[in-house]
Amino acid sequence: MRILFTHSYFLKFDEKQYRTAQPYPPLGTLYAMAYLKENGYDVKLFDTMFCDSSKDIESTIDSFQPDILISYDDGFNYLTKMCLTNMRHACFEMQHYAKTKGCKVITSSSDAADHFESYLNHGADAIAIGEAEQTILDLCNAFKTNSSIDLIFGIAHSKNGQILKTATRLVIKDLDTLPTPAWDLLDIRPYKKMWLDNHGYFSLNFVTTRGCPYKCNWCAKPIYGNRYNTHSAENSVKEIKKWQQEFGFTHVWFADDIFGLKPNWLRDFDHFITEEKVKIQYKIQSRADLLLAEDNIRHLAHSGCTMVWMGAESGSQKILDAMDKGTKVEEIIEARRLLKHHHIRASFFLQFGYLGETMDDIQKTISLLEETMPDDIGISVSYPLPGTVFYEKVKQDLTHKTNWTDSDEMAMMFKNTYPPAFYKILHRLVHSIYRKRKALNKLHLKTNPATKIKPSLSYLKYSLSQALQTYQLKQKMH
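Next up, the structure:
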């Protein structure tokens with residue numbers, strides 16, 4: 301049987317990310333392809349990353365003539381976890397065309413796990429829910445022999461006009477038993493070109509874990525749940541070394557939800573990076589409390605970490621506690637200080653609009669930002685995803701809109717302390733405050749009057765923006 305893999309993330313459909321020009325291959329898709337290839341299937345990838353339209357897949361379906369189309373999204377990329385509606389509709393269109401050509405259709409994604417009825421009604425024969433390598437193998441084997449799929453764990457499907465959901469499949473505990481992602485079936489050239497053309501270096505994505513054991517009540521986990529399993533540090537380093545020799549990347553994004561959570565894992569990773577003489581720079585996602593544990597920051601610095609994206613979320617302890625975040629504001633401040641001491645750039649994810657947040661809480665977040673001055677910030681508003689405690693609290697408000705169209709939409713989709721327009725202005729205001737402070741810091745470092753012109757103009761620009769946006773914000777508070 302011939303199996304055509306695809307995914308539903310189109311970079312050109314997400315204008316902000318297209319401008320950022322930092323594309324990463326669909327790693328989860330490549331893992332699934334390698335798993336089926338190892339089990340004797342003829343697999344091919346249609347990569348939608350650089351496509352203009354969902355119709356671009358049609359010529360490949362016509363020429364390859366697959367028996368099965370598997371739309372398998374990269375569950376390691378936060379952009380796919382956001383379940384953007386333009387990507388969903390593109391997936392529907394690809395499913396529909398495959399069905400007209402007689403293909404069986406399997407779909408695996410965070411969005412499909414949350415809305416499996418919609419995907420089944422738009423042409424999918426089965427939805428693989430949760431960690432899906434073993435599930436899609438079972439489905440392909442069943443389709444190959446025209447066997448029933450009723451007893452396959454971890455799926456939703458339609459039978460006799462009814463939609464059925466089977467028992468949950470257990471996750472894979474020993475990740476080192478999985479084959480290496482099918483990098484050989486991916487055309488790496490457009491990724492490398494976009495990185496080099498726009499940034500002067502090439503970055504590639506890897507994962508060392510699956511899942512996250514923390515219980516932030518706004519964070520959906522439709523793929524791995526609250527289980528947390530780890531590749532060994534030794535295997536992770538050897539895989540990086542192998543593919544660095546093949547592709548020539550100098551930078552890595554570790555797409556783990558939380559990097560280096562297992563005790564002593566970072567120590568071992570640092571050891572094997574040194575032993576294998578691997579030279580990389582890398583960025584990760586982490587938490588303030590974990591960064592302060594053991595000797596983690598020193599091991600990060602020594603092994604090549606140059607940036608940590610920290611889920612700071614808020615400068616208000618009240619809001620952090622309401623989120624079940626499990627971190628303290630003081631830990632965020634201390635982690636930032638230690639990262640700076642070890643010459644690691646610290647970037648903050650900030651979230652506004654959580655239930656119960658007031659101007660006092662917002663001001664505490666702004667004060668945290670001004671006090672710590674991270675090297676970069678990412679700002680979002682609270683985004684309700686199915687399966688979370690937060691979603692259950694606000695779902696009655698989600699009558700007209702339940703997902704963003706693209707990652708820059710920033711729409712507030714539920715009733716909160718302030719109206720949706722308030723948060724749009726707040727987003728711009730916080731950026732202005734941050735950039736104004738950065739310009740001021742640069743001014744203090746300059747001694748030559750000629751070099752002060754650019755930061756002076758930036759300071760003036762963002763001072764005016766801050767004043768205007770502060771006025772606009774007050775108008776939207778009521």
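In my numbering, the protein residues as written are 301 to 778.
Even for Gly, the Cβ is constructed at its ideal location relative to N, Cα and C.
message: Give the list of continuous beta strand (DSSP E) stretches no shorter than 3 residues that lie fully inside the region 582–626.
response: 605–613
- request: State the start and end residues of the unbroken alpha helix (DSSP H) segment that holds R527.
  value: Translated into positions along the sequence shown, residue 527 becomes position 227. Unbroken run through R527: none, as it is neither H nor E.
- prompt: Going by DSSP, what residues sit across from L345 in a beta bridge?
  reply: If you number the sequence shown from 1, residue 345 lands on position 45. DSSP, once it has assigned bridges, lists F305 as partnering L345.
- request: Could you spell out where the alpha helix (DSSP H) holding D292 opens and where it closes?
  value: Within the shown structure, residues of the chain are numbered from 301 to 778, placing residue 292 beyond reach of any answer.
- request: Tell me, please, which residues DSSP counts as bridged to Q651.
  value: Your numbering for residue 651 matches position 351 in the sequence shown. Paired residues: S680.
message: Looking at the secondary structure, which residues open and close the alpha helix (DSSP H) in which N441 lies?
response: Working through the sequence shown from its first residue, we reach residue 441 at position 141. N441 -> alpha helix (DSSP H) spans 433–444.
message: With three or more C-beta pairs closer than 8 Å as the rule, is the region 312–330 touching the region 707–716?
response: yes
task: Taking E739 and Y759 to be in contact with their CB atoms under 8 Å, please state how far apart those CB atoms are, rounded to whole angstroms.
output: Working through the sequence shown from its first residue, we reach residue 739 at position 439. Working through the sequence shown from its first residue, we reach residue 759 at position 459. According to the sequence displayed, residue 739 carries Ala and not Glu. Indeed they touch by this definition, with Cβ atoms about 4 Å apart.
message: For Q545, count the other beta carbons within 10 Å of its own beta carbon; 16 or more makes it buried, fewer makes it exposed. Which is it?
response: On the sequence shown, position 245 is the one that residue 545 refers to. So Q545 ends up on the exposed side.
field: Test item: CB-CB of K776 and I733 under 8 Å
entry: Along the sequence shown, read from residue 1 onward, the residue named residue 776 stands at position 476. Along the sequence shown, read from residue 1 onward, the residue named residue 733 stands at position 433. Cβ atoms of K776 and I733: not closer than 8 Å.
First and last residue of the uninterrupted beta strand (DSSP E) at T817: The requested residue 817 does not occur in the structure, where the chain is confined to residues 301 to 778.
message: Please tell me whether W518 and S680 are closer than 8 Å, where the distance is taken between their beta carbons.
response: For this step, residue 518 is matched to residue 218 along the sequence shown. For this step, residue 680 is matched to residue 380 along the sequence shown. No, Cβ-Cβ distance for W518 and S680 is not below 8 Å.
- prompt: Contact between the region 594–604 and the region 559–577: three or more CB pairs below 8 Å?
  reply: Remark: three or more beta-carbon pairs, one from each stretch, lie closer than 8 Å, so the region 594–604 and the region 559–577 are flagged as touching.
query: To the nearest angstrom, how far is it from the Cα of D414 to the Cα of A424?
result: Position 114 of the sequence shown, counted from the first residue, corresponds to residue 414. Position 124 of the sequence shown, counted from the first residue, corresponds to residue 424. Cα-Cα distance, rounded: 14 Å.
query: If you measure from the CB of K693, is any heavy atom of the ligand COA nearer than 7 Å?
result: The model depicted lacks the ligand COA and carries no ligand whatsoever.
query: Just how far apart, CA to CA, sit I584 and F506?
result: In the sequence shown, residue 584 corresponds to position 284, counting from 1. In the sequence shown, residue 506 corresponds to position 206, counting from 1. Spanning the two alpha carbons is a distance of roughly 10 Å.
message: For a quick check, are the C-beta atoms of L638 and T627 less than 8 Å apart?
response: Numbered from 1 along the sequence shown, position 338 holds the residue referred to as residue 638. Numbered from 1 along the sequence shown, position 327 holds the residue referred to as residue 627. For L638 and T627, no; Cβs fall outside 8 Å.
message: Give me the DSSP bridge partner(s) of W553.
response: The sequence position of residue 553 within the sequence shown is 253, counting from 1. Note: W553 sits in a beta bridge opposite N505, K583.
message: Taking a contact to mean a Cβ-Cβ separation below 8 Å, would you say G328 touches F376 in this structure?
response: Your numbering for residue 328 matches position 28 in the sequence shown. Your numbering for residue 376 matches position 76 in the sequence shown. Taking 8 Å as the Cβ cut-off, G328 and F376 qualify as a contacting pair.
task: Determine the burial state of S359: buried for a count of at least 16 other Cβ atoms within 10 Å of its Cβ, exposed for fewer.
output: Along the sequence shown, one-based indexing puts residue 359 at 59. By the 10 Å Cβ count, S359 comes out exposed.
message: Let me check one thing: in DSSP terms, what residues is I463 bridge-paired to?
response: To locate residue 463, count along the sequence shown from 1; it is residue 163. Note: I463 sits in a beta bridge opposite S458.
Spatial neighbours of K473 in its chain, beta-carbon cut-off 7 Å, leaving aside the 5 residues before and after: Position 173 of the sequence shown, counted from the first residue, corresponds to residue 473. Taken in chain order, the residues that qualify are N529.
task: Grab me the residues of Y691's own chain with a C-beta within less than 7 Å of its C-beta, minus the 5 sequence neighbours each way, in chain order.
output: Taking the first residue of the sequence shown as position 1, residue 691 is located at position 391. Excluding positions up to five away in sequence, the list reads P684, L685.
field: Proximal residues to A533 (C-beta, below 6 Å), its chain only, five neighbours per side dropped
entry: Within the sequence shown, the letter at position 233 stands for residue 533. Correct list, in chain order: W565, D568, F569, F572.
query: By DSSP, does S371 sit in helix, in strand, or in coil?
result: As a position in the sequence shown, residue 371 is number 71, starting the count at 1. Residue state, collapsed to three classes: strand.
field: Sequence-distant residues of its chain with Cβ nearer than 6 Å to E616 (five each side left out)
entry: By 1-based counting over the sequence shown, the position of residue 616 is 316. In the sequence on display, residue 616 carries Ser and not Glu. The residues are D661, K664.
message: Report the CB separation of W483 from Y324 in whole angstroms; it is logged as a contact under 8 Å.
response: Indexing the sequence shown from 1 puts residue 483 at position 183. Indexing the sequence shown from 1 puts residue 324 at position 24. W483 to Y324, Cβ: 13 Å. No contact.
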